[in-house]
Amino acid sequence: MARGELTDEEWSLIEPHLPLGERGPIPDLRLQFNAVMWRFRAGSPWRDLPAEYGPWSTVYDRFRSWAMAGVFEQLMQAMIAEAVARGQVDLDLVSVDSATARAHHHAAGMVVNGELARALNEAVEQERGLRQRGKSHKREDRHAGFALQPHGPVWSRDHVAGKGLDGMMIGLVACS
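Printed below as a string of structure tokens:
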């Protein structure tokens, strides 16, 4: 077994959730799943998939069919349920953060004059003041945690959250 490939124990948890094709020969699903994991771990294009995993187009087609069928969501829920059953889930501390930042591609080498630097520092200080009072002008920060509870909430004793979520208990999904 190569580094990063599934162990027999891991495969026994994953295999029941992978559908077989309706026609043709039974593919080596473990090899294809390992190929998908390699591709995302390496961050390479599909066409750069090592030959040991078979044709890249076959692996890509299998990945797309799994994604369209919701296999990865089902697999995630099953893995969480398995971890809960084993007692490996601890909800004493929950962290939720919805912050994202995008920069223009020209911003990498941006030269900032003194006046602009002062204005940026003032904006940062104002944002810190909002954060300390538990207020945020960003709608996504105020409601980020609620998207996580489609099956009903499980409450944590403590939580860590950004900006508008300070002081609120965040419900998380328990897949048990």
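Just so you know, we're using my numbering here: the sequence shown kicks off at 2 and counts up by one.
C-beta atoms are modelled at their ideal positions from N, C-alpha and C, and glycine is treated no differently.
{"Query": "Taking only runs of the beta strand (DSSP E) that begin and end inside the region 33-95, which ones reach a length of at least 3 residues, in chain order?", "Result": "none"}
{"Query": "What separation, rounded to the nearest whole angstrom, lies between the Cα atoms of A82 and V90?", "Result": "9 Å"}
{"Query": "In terms of residue numbering, what span does the alpha helix (DSSP H) encompassing I15 cover?", "Result": "9-15"}
{"Query": "Would you tell me roughly how many angstroms separate the C-alpha atoms of V85 and A79, rounded to the nearest one?", "Result": "10 Å"}
{"Query": "Can you find the residues in the same chain that come closer than 7 Å, C-beta to C-beta, to L76, ignoring five residues on each side of it along the sequence?", "Result": "I15, H18"}
{"Query": "What three-state label does DSSP hand A120 in the structure shown?", "Result": "helix"}
{"Query": "Tell me whether L149 sits in a helix, a strand or coil according to DSSP, three-state version.", "Result": "Its pLDDT being 49, under 50, L149 is placed unreliably in this model, and the coordinates cannot settle the point."}
{"Query": "Taking buried to mean at least 16 other C-beta atoms within 10 Å of its own C-beta, is R4 buried or exposed?", "Result": "exposed"}
{"Query": "For Y54, which residues in the same chain have their Cβ closer than 8 Å to its Cβ, ignoring the five residues on either side in sequence?", "Result": "L32, Q33, N35, A36, W39, V60"}
{"Query": "How close, in whole Å, do the beta carbons of A100 and P20 come, if the pair is a contact with beta carbons under 8 Å?", "Result": "Actually they are not in contact, since the Cβ atoms of A100 and P20 sit about 36 Å apart, beyond 8 Å."}
{"Query": "Cα separation between G13 and V97?", "Result": "It is worth fixing the name first, because residue 13 is Ser in this sequence and not Gly. So the alpha carbons of these two residues sit roughly 31 Å apart."}
{"Query": "Keeping to the same chain, check which residues put their C-beta closer than 6 Å to that of W47; ignore five residues upstream and five downstream.", "Result": "W57, Y61"}
{"Query": "Could you tell me the distance, in whole angstroms, from the CA atom of R87 to the CA atom of L94?", "Result": "19 Å"}
{"Query": "Mark R63 as exposed unless 16 or more other C-beta atoms lie within 10 angstroms of its C-beta, in which case mark it buried.", "Result": "buried"}
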